[in-house]
Amino acid sequence: MPETLTPLIPELEIRWRTSQMTHRIVRDYKDQAVIVVIVLKGAFIFAADLTRRLAEQGLRLRLDFLRAASYGDSDLSSGKVSLQLDVSLPLVNQKVLLIDDIIDTGLTLSFLAQHLKRKGATEVKTCVLLDKPARRLIDFKPDYIGFSIPDVFVVGYGLDFAEEHRCLSGLAILHKEQNPCHQSQSMSK
Ligand code: PRP
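What follows is the structure, encoded as structure tokens:
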């Protein structure tokens with residue numbers, strides 16, 4: 004099936020926005036230690052860039068990772084999210100910053116934030132590079148948002164379609180023939 008890519012957000016703009024987000028996060032946490040939890044796989048590039056900047060700015064952080072999967076048909080979420088990989092650090096009495104690449108329906112971040120609170124975190128803030136508000140199924144607003152985007156299928160900078168395109172330096176819109184192109188990031192699951 005032929006695919007075309009249209010540039011959406013170039014690498015330099017992501018870098019600039021990440022820098023702005025860094026300043027806000029550092030200001031909010033001040034001297035408090037934080038456990039950064041990164042949602043695999045899509046957030047790996049954004050989180051790598053953001054966490055290095057946070058550390059450069061003096062934020063004391065420890066990293067952990069988790070992975071979620073949602074089940075449903077190929078394009079609409081059934082609302083069921085499950086954990087495929089859990090964090091390994093103890094979270095009791097810890098402040099957590101949860102980083103994902105994109106919020107779409109909101110089900111994944113909402114589920115993961117509740118999960119981390121159940122593990123004893125005193126606070127879970129959420130940070131995403133991309134917000135697709137048109138796709139939201141529940142009322143959930145991340146604490147830190149890089150860019151708000153329309154309902155288009157985005158790849159690059161960690162985001163994939165069928166595990167491809169994650170390593171593009173910037174973000175692009177993927178157009179596929181015979182495909183309604185709703186992203187559901189679940190298309191790639
Ligand atoms: C994407 C994205 C989020 C989730 C957002 O992950 O990274 O975790 O979907 O969707 P939601 O707001 O509708 O719940 P995906 O399942 O595509 O996995 P990946 O990160 O491994 O590519």
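So the sequence shown is numbered by the numbering used here: it starts at 4 and just counts up by one.
The C-beta atom is built at its ideal place from N, Cα and C for all residues, glycine as well.
Per DSSP, the unbroken alpha helix (DSSP H) holding Ala51 starts and ends at 47-59. Per DSSP, the beta-bridge partners of His178 are Thr7. Going by C-alpha positions, Met24 is about 22 Å away from Thr125. At the C-beta level, Val42 and Leu100 stay beyond 8 Å of one another. In this structure Val157 is in contact with Leu174, their Cβ atoms being roughly 5 Å apart against a cut-off of 8 Å.
If you draw a 10 Å sphere on the C-beta of Asp52, you find 16 or more other C-beta atoms in it, and that means buried. Spanning the alpha carbons of Ser113 and Lys98 requires a straight line of approximately 16 Å. In this structure, the beta-carbon distance from Ala116 to Thr129 falls below 8 Å. Taking each of His168, Ile106, Glu14, Gly159 in turn and checking the Cα distance to Leu140, the smallest one comes out for Ile106. Residue pairing by DSSP places Val127 opposite Val99 in a beta bridge.
Around the C-beta of Leu86, fewer than 16 other C-beta atoms lie within 10 Å, and the residue is accordingly described as exposed.
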